[in-house]
Amino acid sequence: MTENYSPPKVWTWDNESGGHFANVNRPISGATHEKELSVGKHPLQLYSLATPNGMKITIMLEELLAMGHDEAEYDAWLIRIGDGDQFSSGFVGINPNSKIPALIDQSTKPHTRVFESGAILMYLAEKFGALIPTDHATRTECLNWLFWQMGSAPYLGGGFGHFYAYAPEKWEYPINRFAMEVKRQLDVLDKHLENNKMMAGKEYSIADIAIWAWYGQLALGRQYEAAEFLDVKSYNNVQEWAHNIDARPEVQRGRKVNKITGDLEMQLHERHHSSDFETKTQDKRHKENE
Ligand SMILES: N[C@@H](CCC(=O)N[C@@H](CS)C(=O)NCC(=O)O)C(=O)O
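Residue numbers for the sequence shown follow the working numbering, so the first one is 43 and each next one is one higher.
Following this line, the structure appears as structure tokens:
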């Protein structure tokens, strides 16, 4: 970024703009290469990576399975977005927007494709009649917060996270602007959670799963190494809610699926069977290869 930049009349694509993800970002959509997606035997086929958006879905699926919904059995295939897997012809066929997560439900005829993490959470909640309140008023409150998350997190990830952690240099203006907004959002959550145990009231729901994946993890110090900068510990109600959700075994399992960074015992690159958590995390794989 140059000082005193004045935009040209017509924007043109500068391949060398720098920063994380510059190699996969393009101003055009569509496939860059022909490649079919792998398909497993379970009803649900998930194509994803354990980013906050990806982990919402694996947490939801682990919650559904723990409740006894066997039809929520899933194969989780790894999409390495840093390598451009989201631009394969197969992936673009199920999500023309080339972003993880994307899901195929093979139990319907014809198969159903679902993309956008909020839409996937709603699809699964409605399909199984779980983790979404049934009375209209509480359901509406759940959807208020689910859509709040979908609209708000781009300021956290694409705004604050990008400029604080990923941009080629630290620029004060965007960091200030997005830090202010993220702190305002944390305050919105903190005030709501003062009088509500969970986002939609008393019961844990898809709104909690969606918001926890972004803001809960931020509060727990797992995002952008920004815990001190944003003083996340000062949001006491968010802290309590985030720790409560983090303690759920289903959340702990869901966090591991399609994870390719961090501690080896937390990384389950692909999940095809519930026993994979015991036998196929990367620490076990490394031991096998020793
Ligand atoms: N609104 C979408 C956002 C999905 C999204 O941004 N996914 C990112 C990873 S968290 C991605 O796939 N990025 C790849 C790319 O931009 O090429 C959702 O919630 O599903």
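Ideal Cβ positions, reconstructed from N, Cα and C, are used throughout, including at glycine.
The alpha helix (DSSP H) enclosing residue i, as first and last residue numbers
i       : result
Leu-86  : Here Leu-86 belongs to no alpha helix (DSSP H); instead the beta strand (DSSP E) covers 86–90.
Asp-325 : 324–331
Ile-248 : 248–253
Ala-108 : 94–108
Thr-321 : 318–321
Opposing strand residues paired with residue i [DSSP bridges]
i       : result
Tyr-116 : Leu-86
Ile-146 : Gln-87, Arg-155
His-75  : Ser-130
Val-299 : Leu-310
DSSP three-state assignment for residue i, whether helix, strand or coil
i       : result
Thr-154 : strand
Arg-313 : strand
Val-274 : helix
Gly-243 : strand
Val-293 : helix
Lys-233 : helix
Asp-177 : coil
Gly-124 : helix
Asn-391 : Missing from the structure shown is residue 391; the chain here goes from 43 to 332 and no further.
Gln-259 : helix
His-285 : helix
His-111 : coil
Trp-55  : coil
Gln-265 : coil
Trp-213 : coil
Lys-169 : helix
Own chain, CB closer than 6 angstroms to residue i, minus 5 neighbours either side, in chain order
i       : result
Ala-195 : Trp-256
Pro-216 : Phe-205
Nonlocal neighbours in the same chain, by C-beta distance under 8 angstroms from residue i, ignoring five residues either side
i       : result
Asp-229 : Tyr-277
Gly-201 : Pro-216, Arg-219, Phe-220, Glu-223, Val-224
Gly-263 : Ala-269, Val-274
Gly-160 : Leu-188, Phe-189, Gln-191, Met-192, Ala-252
Asp-177 : none
His-328 : Leu-306
Cβ-based neighbour list, residue i, same chain, cut-off 7 angstroms, excluding 5 preceding and 5 following
i       : result
Ile-123 : Val-66, Leu-91, Ile-142
Val-293 : Ile-101, Ile-287
Arg-290 : none
His-153 : Ile-146, Asp-147
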